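Okay, so the sequence shown: first residue is 11 according to the working numbering, each after it adds one. Virtual Cβ for every residue (Gly too), placed ideally from N, Cα, C. On a predicted model such as this, the values are computed, not experimentally measured, just so you know. Below is one structure; the comments refer to it alone.
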Amino acid sequence: MVDPADRAVERLAIPESLGVSALEPGQRLPSTPPGRQVSIRVQLLDDVTEVFDISQRAPAKALFDLVCVHLNLAERDYFGLQYQNSRRMMVWLDLLKPTLKQIRRPKNTILRFVVKFFSPDTQLLEELTRYLFALQIKHDLACGRLTCNDTSAALLVSHIVQSEIGDFDEVQSFQHLLHNKYMPNQDALMDKITEYHRKHVGQTPAESDHQLLEISRRLEMYGVRLHPAKDREGTKLSLAVSHIGLLLFQGDTRINTFNWSKVRKLSFKRKRFLIKLRPDLNQSGYQDTLEFAMGSRDCSKIFWKICVEYHAFFRLFEEPKPKPKAVLFTRGSSFRFSGRTQKQVSDYVKDSEFQKVPFERKHSKKVSCGSLTPQDGKTSTLPPETVSVDQTDSPLRSTLQAPGDDPTVTNGHQAGPEALPSSTSHPEQQISGVISGISDLSDSTLANPSVVVNGQKPFPLGPGQSPNVHQPSPFNAHSSPLSSPLFTDAGGYVRTDDEDEVRRKFPTDKAYFIAKELLTTERTFQKDLAVITVSFQAVLGKEEVLPDSVRTLINTNYDPVYQFHQAFLKEVEQRLQQWEGRSNAHIKGDDQRVGDVLLKNVQGIKQQLTPLLQHHGEVLVALDRSCRASQRLEEACREFEQQKVCYLSLNMFLLRPLHRLLHYKLILERLCKHYPPTHQDFRDSRAALADISEMVLQLQGTMTKMENIQKLLELKKDLTGFRDLAVPGREFIRLGCLSKLSGKRLQQRMFFLFSDSLVYTSRGMTADNQFKVQGQLPLYGMTIRESEDEWGLPHCFTLFGQRQSVVVAASCLSEMVKWMEDIRMAVDLVEQSNRPTDLLSTSQSDRKSPEEEEEEEEEELSASRSSLERQAAQRGNSMVHICWHRNTSVSMVDFSVAVENQLSGNLLRKFKNSNGWQKLWVVYTNFSLFFYKSHQDDHPLASLPLLGYSLTVPAETENIQKDYVFKLHFKSHVYYFRSESQYTFQRWMEVIRSATC
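Take a look at the structure:
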């Protein structure tokens, strides 16, 4: 039997005298207990199997210490030994118990030395530790456990290949990828992997490991080990645990997070796993105990033990002390976490000085020496004689990099790993209301493009790279449709770098920021056009359900507009680059203007939009008529609206060219107001404004009509019970939530006010969460009266119709005033026309008596109590559902104002209890903020409906200490947003105030 120490010397290819113990100062390996020696096989992360001899009576900690000494591993507590028990379940070796009491057949068992606690940030100080973590990520990626989109996967593999074979060589890299499988669908991504590998020139294996960890830790499935479970309704789910708390998955999608600070107790009873939460006074219908059924009692106990250890490692400052033994009876489990916590490990490694010993990297040409910490940012330089070549792979060419060729050196300074922003853990951050916890997002500046992997901290890319990183962020059914995965601080790990230090010097003239608004909104406009011209037709073209006449209408009217604005956007981008000083043109001052660009293209805008304006109504009507005639087309359109790229209703995208004319007019008005008459750009801006204003004036009547048709068609998708809502002459006035008095209690109902009737509905139980018609009141002959004193209800008023009367109550005084004014106005208009209005056509089965309404109310209440409802469709985030959850209302006038108040651009976002600011691309439209990693993304990651929010400026007591910051607040949800200038700050305040006031 070969001694483990000899094996370590042979494996590391170093003199025996260089070996250093990783034990604490003064600590020695435990003396071997008497008894027969047993050989235990342990498979390490580099797939090498080592044999260790231990005593039969030795605790498992003795075996674990032998493995760590063999590896010379200081940060050992991140790792553990795992094995398959007699029930074929993977379990962790308990270090406090004897090894042979846990492993009954040691000759037939192979233990696996793997990562047990996945570090959420860059607190790994030793290069060897990072190398072992990189090997674990490599294993998870190869077996399909670390799932991610193709761009992230290709980037991960490119760093693995760089670490193993060094700089890119076309033949060598291709052969290496051909003989090594790093991921399931590697063949399809060979080109993308090699493209990224080309850009890692000069990157050492240690740097590759560091970058690999930076990318991986932002992935949704990083370190996640799924444990199958079911909720009370039998829905198949999976539970997992991480540094932030307990995670709930449906498939590979995280649907909820239970932060450690919100968890009061974890327990299991037989196969039931119980989570007891701390009470939340701000959340109605709060459920303090969640119950999940796992496969067996052993499954529940195994997962419970993992949770206990994760909580102790990441949350405690020191190892928990053992409980005193009971004298007579014992209650509960005596299991506890054994080992150092993350804080103890970090403090120990920082305070101790270890001799840095070279170690061999499997498949790598280079030998690593020393420890590269993120704080140091220094790379060890090895002499040529220390470079070794691994001959197990294809013949590799050993190369050494000259100091002058180091791509990390810019402007005479080395930009090492310290250029990457660090993270700070905040474990005490709270889960906000109904908002589900998903990782925070960030982005990089436009001048320094970066990959944002699954919505967290940016990863630097080379010039010209702009991968489209995908992250699923569905709206969960168990929370409200307003749940936004972006707005949770459950993760608690955010950037702490100050963007002020790295912000580029841009012009400070107000005209520049007005021109930049033109650029940012034009980017959003082009993306919206692509939804119609590219995405919509691509989806429906595959199914061949779109009639040729409708396809021709869309192609002839929207494709020319899309192509023209592509060229126009490039011209605006080029002008802004020149304005910012990226060329020599700004020295002359000829390009510090944008009015000439608009004037040059205004004729093209008029030429492209004129046919569209003439046939725009035909497109809306033809598409609606085709959907009613073809059920396949209707289903295809509904499915397309549920895709992430279609973040608004389909008809809203069809109206975008009309809305864009208004934006041009407003931007030019601000330019002309800013410029003095003597300015070189004033004349061009004023001429362009005159042409655009003429088009808007001609368009005004058409736009009002089209917006009304679009709104009626959109409401038809949210309502069930109407046979035909969009009929000529009917106008939409207001929608919102009111409480209807039924029997002896108030019931929440959704009301819709049209020009001929008032309709009230209840939330239905359909797959699309449509609202079901409960009744309607004709406006002709209706009277309205305040009745707070009569019924003793605040903000109450009574509607007297010809056939029935309805008592309703608003959420506040302002809501009651809005409803009463709009209803009176609509009644006056109907009576002026001097003709009674007909009831909207409904199906007979949808008309309910008061008794049936009460029965349905009971069903709605019981259905709402379920812990995890069915998966809601994208329609659940429509304006109707937002008003339902926020208990407010919106009028057609509000929608018209919102059309003008649209804005796009970069903002820095901060949570109430977080330290770091995170950069996001934000689009405001349709009363909501939509969040992207960058303007190049095709779809938003999350949204924040603003109805009900209050907009203020942070007080001095909030200790923000930054300029141009505004605050959004709703109940317990608080978000801070920071803009880049006084002008952009005022613009964001202006547009958001239109939705929050």
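Beta-carbon gap between residue i and residue j smaller than 9 Å
{"i": "Phe283", "j": "Val318", "result": "no"}
{"i": "Phe302", "j": "Leu249", "result": "yes"}
{"i": "Leu939", "j": "Asn916", "result": "no"}
{"i": "Phe323", "j": "Phe143", "result": "no"}
{"i": "Ile170", "j": "Leu223", "result": "no"}
{"i": "Gly739", "j": "Asp766", "result": "yes"}
{"i": "Ser96", "j": "Arg122", "result": "no"}
{"i": "Phe995", "j": "Lys721", "result": "no"}
{"i": "Leu671", "j": "Ile702", "result": "yes"}
{"i": "Pro890", "j": "Met760", "result": "Note on residue identity: the sequence assigns Val, not Pro, to residue 890. It is a contact, given that the beta carbons lie within the stated cut-off."}
{"i": "Leu918", "j": "Trp927", "result": "yes"}
{"i": "Leu105", "j": "Pro69", "result": "yes"}
{"i": "Asp832", "j": "Ser901", "result": "yes"}
{"i": "Tyr206", "j": "Leu145", "result": "no"}
{"i": "Val234", "j": "Arg155", "result": "yes"}
{"i": "Leu723", "j": "Leu768", "result": "no"}
{"i": "Leu961", "j": "Leu978", "result": "yes"}
{"i": "Asp691", "j": "Ala521", "result": "yes"}
Proximal residues to residue i (C-beta, below 7 Å), its chain only, five neighbours per side dropped
{"i": "Val571", "result": "Leu539, Gln618, Leu619, Leu622, Pro667"}
{"i": "Glu796", "result": "Phe807"}
{"i": "Gln758", "result": "Cys747, Ser749"}
{"i": "Leu586", "result": "Ala525, Lys526, Leu529"}
9 Å Cβ cutoff, residue i in contact with chain B
{"i": "Leu672", "result": "Looking for chain B here will not work: only one protein chain is present."}
In DSSP terms, what residue i is bridged to
{"i": "Lys922", "result": "Answer by DSSP bridge pairing: none, since Lys922 is not bridged."}
{"i": "Thr793", "result": "Phe810"}
{"i": "Pro788", "result": "Ser767"}
{"i": "Ile970", "result": "For Ile970, which the question treats as bridged, DSSP gives no partner whatsoever."}
{"i": "Gly154", "result": "According to DSSP, which records beta bridges pairwise, Gly154 is partnered with nothing at all."}
{"i": "Cys747", "result": "Met760"}
{"i": "Leu828", "result": "Per the sequence shown, the amino acid found at residue 828 is Lys instead of Leu. None; Lys828 has no bridge partner."}
{"i": "Ile50", "result": "Phe62"}
{"i": "Glu819", "result": "The sequence given here places Ala at residue 819; Glu does not occur at that position. Per DSSP, Ser749, Cys806."}
{"i": "Ser899", "result": "Gly746"}
{"i": "Ala303", "result": "Lys240, Arg282"}
{"i": "Val101", "result": "Tyr93"}
{"i": "Phe123", "result": "Leu91"}
{"i": "Asn916", "result": "Trp931"}
{"i": "His983", "result": "Phe980"}
{"i": "Leu676", "result": "Per DSSP, none; premise fails for Leu676."}
Coil, strand or helix - residue i by DSSP
{"i": "Ala952", "result": "strand"}
{"i": "Gly90", "result": "strand"}
{"i": "Val79", "result": "helix"}
{"i": "Gln584", "result": "helix"}
{"i": "Thr566", "result": "helix"}
{"i": "Glu928", "result": "The displayed chain sequence assigns Gln, not Glu, to residue 928. Gln928 falls in the strand class under three-state DSSP."}
{"i": "Lys107", "result": "coil"}
{"i": "Ser398", "result": "Interpretation of Ser398 is limited by its pLDDT of 34, a score under 50 that renders its predicted location unreliable; the figure taken from the coordinates is listed afterwards. Three-state DSSP puts Ser398 in coil, outside helix and strand."}
{"i": "Ser1004", "result": "helix"}
{"i": "Ser843", "result": "helix"}
{"i": "Val1043", "result": "Residue 1043 cannot be examined here, being either before or after the span of the chain that is shown, 11 to 1007."}
{"i": "Tyr959", "result": "coil"}
{"i": "Ser874", "result": "Residue confidence for Ser874 is low, a pLDDT of 40 falling below 50, so the modelled location carries little weight; the figure read from the coordinates is stated next. Helix, per DSSP."}
{"i": "Pro116", "result": "helix"}
{"i": "Lys782", "result": "strand"}
{"i": "Asn936", "result": "coil"}
{"i": "Ile604", "result": "This sequence places Val at residue 604; Ile is not what is there. Of the three classes helix, strand and coil, the one that applies to Val604 here is coil, per DSSP."}
{"i": "Tyr1073", "result": "A query on residue 1073 cannot be resolved here, the shown segment of the chain reaching from 11 to 1007 and no further."}
Residues of its chain near residue i, where Cβ-Cβ distance is below 6 Å and the 5 sequence neighbours each way are ignored
{"i": "Leu957", "result": "Ile892, Arg896, Thr898, Phe937"}
{"i": "Val251", "result": "Ile316, Cys317, Tyr320"}
Close-in-space but distant-in-sequence residues of the same chain around residue i (CB under 8 Å, 5 per side omitted)
{"i": "Arg533", "result": "Leu579, Ser914, His945"}
{"i": "Gln536", "result": "Tyr572, His575, Gln576, Leu579"}
heavy atom of the ligand ZN below 8 Å from residue i C-beta
{"i": "Arg371", "result": "The ligand ZN is not among the ligands present in this structure, which contains no ligands whatsoever."}
For a minimum of 3 consecutive residues, which ranges assigned as the beta strand (DSSP E) are wholly contained in the segment 191-278? 237-240, 246-252, 255-260, 263-269
Residue ranges of each alpha helix (DSSP H) within the segment 612-671, 4 or longer: 641-651, 660-664
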